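S.K.: The structure is given below, and queries will be raised subsequently.
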Amino acid sequence: ELKVEQNPLFLSMQEGKNYTIYCNYSTTSDRLYWYRQDPGKSLESLFVLLSNGAVKQEGRLMASLDTKARLSTLHITAAVHDLSATYFCAVGNYGGSQGNLIFGKGTKLSVKP
Amino acid sequence: DAGVTQSPTHLIKTRGQHVTLRCSPISGHKSVSWYQQVLGQGPQFIFQYYEKEERGRGNFPDRFSARQFPNYSSELNVNALLLGDSALYLCASSLGTSGGVPPDTQYFGPGTRLTVL
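Residue numbers (the working numbering), protein chains in the order written: chain A, 1376 to 1488; chain B, 225 to 341.
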C-alpha cells in the first residue's frame, strides 16, 4: 500500500526565514505533486515533478524529487505572509488502470511578521 | 476557459438521508476523480472515471457510488448518510489516460462542503 508522509505537520515561521517541508513515500512512483490549499478553499497545483533529480521553482518556492530516496522537498526562501497556507504533497498511484493520487496529511504553514 | 465546477457549494443533511453531488470537468478533460477531505486531513481517493467507465475505487463503503455522463460530467451519490461523512468533497478533472501509465495532472474544483447532522 502506497503511503505518503509529510513533516512537519505544523510550521510557524518568521518572515524572511528559510525552511524545508519533507515528503516521503513508501513505494515506487515517478510522479510527485505539490498542492497549496488556503482555508476553506480547494487545492491549487504548484508543481509536478516527473523524474529523479527534477527541480522546479516558482517565486519563493522550490520543489525537488529524489526517486531513489523516495523523497521530495519543498523549500521556502525568505518567507512572506502570503505563503501562509496548507501544503500537500501527493504521489501518483502508478499501475493498472488507476490514476488516483495519494496525499500526505499536509503541512500547515503560518508565516508571522 | 472555465475550470472544474461543482454543485452545490454547501449542503446540510441529516443522518440516513441521501445526497448527490455534481461535477463538470474542464472542457476537453475526459477523466473525473472524486476525493473526500475530512477537516485537518489530506484528500482521500473515492472514485475515478474515464470515458464513462470506473477506473479506480478507493477504500469506501458501498454507500458511495458515482457515474460519469456522455458529456464527461459526473455525479457522486452517498446513501444512508453518517455523521462521519461530513467533509469537503472534491472533484478533480484531468485529460485522462487509457490505463497503465501514471496519472496526469489533476485540477481540482472548489468542492462541496457536506455537513451531516
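Cβ atoms here follow ideal geometry from the backbone N, Cα and C, with glycine treated the same way. Given the structure is predicted, the values throughout are model-derived calculations rather than measurements.
1. Here's the rule I'm using: 16 or more other beta-carbon atoms within 10 Å means buried, otherwise exposed. How should A/S1447 be labelled?
2. Listing by chain order, which chain B residues have their CB less than 7 Å from the CB of A/V1423?
3. I'd like to know if B/L314 contacts chain A, where contact means its C-beta is closer than 8 Å to some C-beta of that chain.
4. By a C-beta neighbour count over all protein chains shown, 10 Å radius and 16 as the cutoff for buried, is B/R279 buried or exposed?
5. Where does A/D1413 fall in DSSP's three states?
6. Check whether chain A comes within 8 Å of B/G252, counting only Cβ atoms and requiring the distance to be less than that.
7. Return yes when the Cβ of B/R281 is within less than 8 Å of the Cβ of B/F271, no when it is not.
8. What did DSSP end up calling A/S1472 once you bin it into helix, strand or coil?
9. What is the residue span of the beta strand (DSSP E) that B/R205 lies within?
10. Spell out the partners DSSP gives B/L300 in its beta bridges.
11. So is A/G1481 in contact with chain B if we call contact Cβ pairs under 8 Å?
12. So, for B/S231: in the same chain, excluding its five sequence neighbours on each side, which residues have a beta-carbon less than 6 Å away from its beta-carbon?
13. Between the alpha carbons of A/K1392 and A/R1445, how many angstroms are there, rounded?
14. Applying the criterion that 16 or more other CB atoms from any shown protein chain within 10 Å of the CB defines a buried residue, is B/F377 buried or exposed?
15. Are the C-beta of B/F332 and some C-beta of chain A separated by less than 8 Å?
16. Determine, for A/S1420, whether the minimum Cβ-Cβ distance to residues of chain B falls below 8 Å.
M.R.: So, from the listed chains and residues:
1. Buried.
2. Simply T329.
3. Chain A, which has a Cβ nearer than 8 Å to the Cβ of B/L314, makes this yes.
4. Flag for B/R279 reads buried.
5. DSSP places A/D1413 in coil when its eight states are reduced to three.
6. No, its Cβ sits nowhere closer than 8 Å to a Cβ of chain A.
7. At the C-beta level, B/F271 and B/R281 come within 8 Å of one another.
8. Reliability of the predicted coordinates at A/S1472 is poor, the pLDDT of 48 falling under 50, and the value obtained from them is presented with this limitation in mind. The answer is coil: DSSP assigns A/S1472 none of H, G, I, E or B.
9. This structure leaves residue 205 of chain B out entirely; chain B is present only between 225 and 341.
10. Beta-bridge pairing links B/L300 to B/L245 and B/A290.
11. At least one chain B Cβ lies under 8 Å of A/G1481.
12. Excluding residues within five positions, the ones whose Cβ falls inside 6 Å are R246.
13. Approximately 26 Å, taken between the alpha carbons.
14. The structure shown does not extend to residue 377 of chain B, since chain B is modelled only from 225 to 341, so the question has no answer here.
15. In terms of beta-carbon proximity, B/F332 lines the interface with chain A, with at least one pair separated by less than 8 Å.
16. By this cut-off, A/S1420 is an interface position.
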